[in-house]
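K.L.:
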Amino acid sequence: FTLLGRHAGYTGVLSVGRVQTPTLRLVVDRDREIANFIPKPFWNLDVQLCTAGHSFLAKWVADESVTDEEGRCLDQSAAAAALNALQNSQTATAISVDTERARDS
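Per the UniProt record's numbering, the sequence shown starts with residue 1, numbered consecutively.
(1) Rounded to a whole number of angstroms, what is the C-alpha to C-alpha distance between H7 and S15?
(2) Cα separation between T11 and L4?
(3) Inspect the beta-carbon positions of D63 and A78 and report whether they are closer than 9 Å.
(4) Starting from the Cα of A82, find the closest Cα among L45, R25 and Q90 and give me that residue.
(5) What are the start and end residues of the alpha helix (DSSP H) that includes T21?
(6) Can you tell me whether DSSP reads V47 as helix, strand or coil?
(7) Tell me whether A58 sits in a helix, a strand or coil according to DSSP, three-state version.
(8) Under DSSP, the alpha helix (DSSP H) around Q87 begins and ends at which residues?
Next up, the structure:
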């Protein structure tokens, strides 16, 4: 490859190998992903709820019409409306429950 490069006007040494070349491809692809990344603002609500003397953390799940493919709410007004509704309500309904065992650090 170095000889082919010299014919094309390149004066350095070209290093290639069966491991180095695909690894370099991974690095280049990742670098291009980072360069092409466009951040999108999103909103979520985490709510501390209390019932019967127990408190727990709840997460608001936005309607699919205002979420992206990862389930994140992209509409600030929808998140603000949900926050307002939560602050003005005395009750809430859990539609699903996930239990996780926490480890002590």
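Note that CB positions come from ideal geometry on N, CA and C, so glycine has one too.
From a predicted model like this one, the values you see are computed outputs, not experimental measurements.
P.N.:
To lay it out plainly:
(1) Along the sequence shown, read from residue 1 onward, the residue named residue 7 stands at position 7. Along the sequence shown, read from residue 1 onward, the residue named residue 15 stands at position 15. Between H7 and S15, the C-alpha separation is close to 16 Å.
(2) Position 11 of the sequence shown, counting from 1, holds the residue named residue 11. Position 4 of the sequence shown, counting from 1, holds the residue named residue 4. Their backbone Cα atoms lie some 10 Å apart in a straight line.
(3) Within the sequence shown, the letter at position 63 stands for residue 63. Within the sequence shown, the letter at position 78 stands for residue 78. Yes, they are a contact pair.
(4) If you number the sequence shown from 1, residue 82 lands on position 82. Ranking L45, R25 and Q90 by CA distance to the CA of A82 puts L45 first.
(5) As a working note, residue 21 is residue 21 in the sequence shown. First-last of the alpha helix (DSSP H) with T21: Q20 to N36.
(6) The residue given as residue 47 occupies position 47 in the sequence shown. If DSSP states are grouped into helix, strand and coil, V47 belongs with the strands.
(7) Locating residue 58 in the sequence shown gives position 58, where the first residue counts as 1. A58: strand per DSSP, three-state reduction.
(8) Along the sequence shown, one-based indexing puts residue 87 at 87. Taken as a continuous stretch (DSSP letters only), the alpha helix (DSSP H) holding Q87 covers Q76 to Q87.
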